[in-house]
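*Asks:*
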Amino acid sequence: MHMAARHRFCRGGLLPEDLRTGPFWRNKTSVTEAALREQICHIGRLMYQNGYIDATSGNISARLGPDRILCTPSGLPKGFMTPDQLIVVDMNAQRVGPTTEANANLKPTSEILMHLECYRQREDVQGVVHAHPPTAVALTIAGIGFDNCVVPEAIVILGVVPTTPYANPASAENRDAIRNLIGEHDALMLAYHGSLTVAHTVWDAYMRLETLEHTAKIMYMAQQMGTVNPLPPGQIEKLIEHRRQLGLMRPGDNERFRRTYGVPDTADDLENRVRSIVREALAELGT
């Protein structure tokens, strides 16, 4: 009880000191490289313990600066990494140090191109997590998307979660598959492959992974039990407003929620759409 009184618990282990204040989605103050190395290793253990990765799969990264990214190495089990095994690369995926005895013969994650694309498209992103959550991946194989609103927390925390077309893992095609989506979404499913979550901190990106797989399990169980009854649009509107109050809305969210969930336009949405139509009409008339 003494430990429970001093720490908040997370599945698979204790939350580190820097996570014990405030909701997970709020932006944290910058942390040192040493602290980020410890955090990434802790997240790797949680991902392994919770079954989101197996063997040497999955990868994690965090932004150290404008052109320096700290990432996990290729070919190592992420549940058993040590901080000195992590690798620093530039935005061209070239190692820039430091080289240690533990990482001298290691290479950056084979999916570094996908991580770098996230940072290029999103200046706000400070952490990226790629995993293979089994239930969520199974849904993509079955052709089931995340467009049935069955978990309120997912609507608030994740927003709309699209699925990319299949692309070979660790390829330039995989990077290209996420390019036009990651700028407007905090979570993606990579068909037949895995998940990709981004956030203001690497811990937030991991928490979004937990929410994603938890949602997938509920969706799967609901499918097995019979008819899936989505939340009514009126309730989704309230959740969207909560998402807005938390500062989690992404550009284009209103249109995506309207298109995906049938949520009515707000007055501002209607005004913006009318203005867009008028601009297009005037452009066609050459005025």
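In terms of the working numbering, the sequence shown opens at residue 369 and continues consecutively.
C-beta atoms are modelled at their ideal positions from N, C-alpha and C, and glycine is treated no differently.
All values derive from a computational prediction rather than experimental measurement.
(1) For Tyr-560 and Ile-509, I'd like the C-alpha separation in whole angstroms.
(2) Give every residue of the same chain whose Cβ lies closer than 7 Å to the Cβ of His-610, excluding the five residues on either side of it in the sequence, and list them in chain order.
(3) For His-410, which three-state DSSP category applies?
(4) Quick one, are the C-beta atoms of Pro-502 and Gly-419 less than 9 Å apart?
(5) Do you know offhand how far Asn-460's Cα is from Ala-545's?
(6) Report yes or no: do the region 445–461 and the region 470–479 share at least 3 C-beta pairs separated by less than 8 Å?
(7) Based on the DSSP secondary-structure assignment, which residues constitute the bridge partners of Thr-503?
(8) Quick check on the DSSP output: the beta strand (DSSP E) that includes Ala-567 runs from which residue to which?
(9) Is the beta carbon of Asp-515 closer than 9 Å to that of Tyr-588?
(10) Do Ile-428 and Gly-412 come within 9 Å of each other at the CB atom, strictly closer than that value?
(11) Could you check where the beta strand (DSSP E) with Asn-427 kicks off and where it finishes?
(12) In the region 429–489, which residue ranges form an unbroken beta strand (DSSP E) of at least 3 residues, counting only runs that do not cross its ends?
(13) What's the call for Ala-402, buried or exposed, on a 16-neighbour Cβ count within 10 Å?
(14) Which one of Ile-586, Tyr-534 and Asp-621 has the shortest CA to CA distance from Ala-504?
(15) Alpha carbon to alpha carbon, what distance is there between Ser-442 and Val-518?
(16) Based on the DSSP output, what are the partners of Gly-495 in its beta bridges?
(17) If you scan the region 538–618 from start to end, which runs of the alpha helix (DSSP H) of 4 or more residues do you find wholly inside it?
*Replies:* Answer, in terms of the structure:
(1) Indexing the sequence shown from 1 puts residue 560 at position 192. Indexing the sequence shown from 1 puts residue 509 at position 141. If I take the Cα positions, the gap works out to 5 Å.
(2) The residue you call residue 610 lines up with position 242 of the sequence shown. Around His-610: Val-524.
(3) Translated into positions along the sequence shown, residue 410 becomes position 42. In the structure shown, His-410 adopts helical secondary structure according to DSSP, grouped into three states.
(4) The residue you call residue 502 lines up with position 134 of the sequence shown. The residue you call residue 419 lines up with position 51 of the sequence shown. Taking 9 Å as the cut-off, the beta carbon of Pro-502 is found closer than this to the beta carbon of Gly-419.
(5) Position 92 of the sequence shown, counted from the first residue, corresponds to residue 460. Position 177 of the sequence shown, counted from the first residue, corresponds to residue 545. Using only the alpha carbons, I get a separation of about 19 Å.
(6) As far as the Cβ criterion goes, the region 445–461 touches the region 470–479, which means the pair count is three or higher.
(7) One-based indexing of the sequence shown puts residue 503 at position 135. Its beta-bridge partners do not exist; DSSP assigns none.
(8) For the purposes of this step, residue 567 is identified with residue 199 of the sequence shown, where counting begins at 1. Its beta strand (DSSP E) spans residues 562–567.
(9) As a first step, residue 588 must be located in the sequence shown, where it is residue number 220. As a first step, residue 515 must be located in the sequence shown, where it is residue number 147. In this structure, Tyr-588 sits away from Asp-515, with a CB-CB distance that is not shorter than 9 Å.
(10) Residue mapping note: residue 412 aligns to position 44 of the sequence shown, counting from 1. Residue mapping note: residue 428 aligns to position 60 of the sequence shown, counting from 1. The beta carbons of Gly-412 and Ile-428 sit closer together than 9 Å.
(11) Against the sequence shown, residue 427 aligns to sequence position 59. Looking at the DSSP string, the run of the beta strand (DSSP E) that includes Asn-427 is 427–433.
(12) The region 429–489 contains these whole beta strand (DSSP E) runs: 436–439 and 455–457.
(13) Counted from its first residue, the sequence shown places residue 402 at position 34. Classification of Ala-402: exposed, given that the 10 Å Cβ count is below 16.
(14) Numbered from 1 along the sequence shown, position 136 holds the residue referred to as residue 504. Ranked by Cα distance from Ala-504, the first of Ile-586, Tyr-534 and Asp-621 is Ile-586.
(15) Within the sequence shown, numbered from 1, the residue matching residue 518 stands at position 150. Within the sequence shown, numbered from 1, the residue matching residue 442 stands at position 74. If I take the Cα positions, the gap works out to 36 Å.
(16) Position 127 of the sequence shown, counted from the start, is the residue given in the question as residue 495. DSSP output for Gly-495 lists Ala-430 and Ala-567 as bridge partner(s).
(17) Qualifying alpha helix (DSSP H) stretches, in chain order: 540–550, 570–593 and 601–613.
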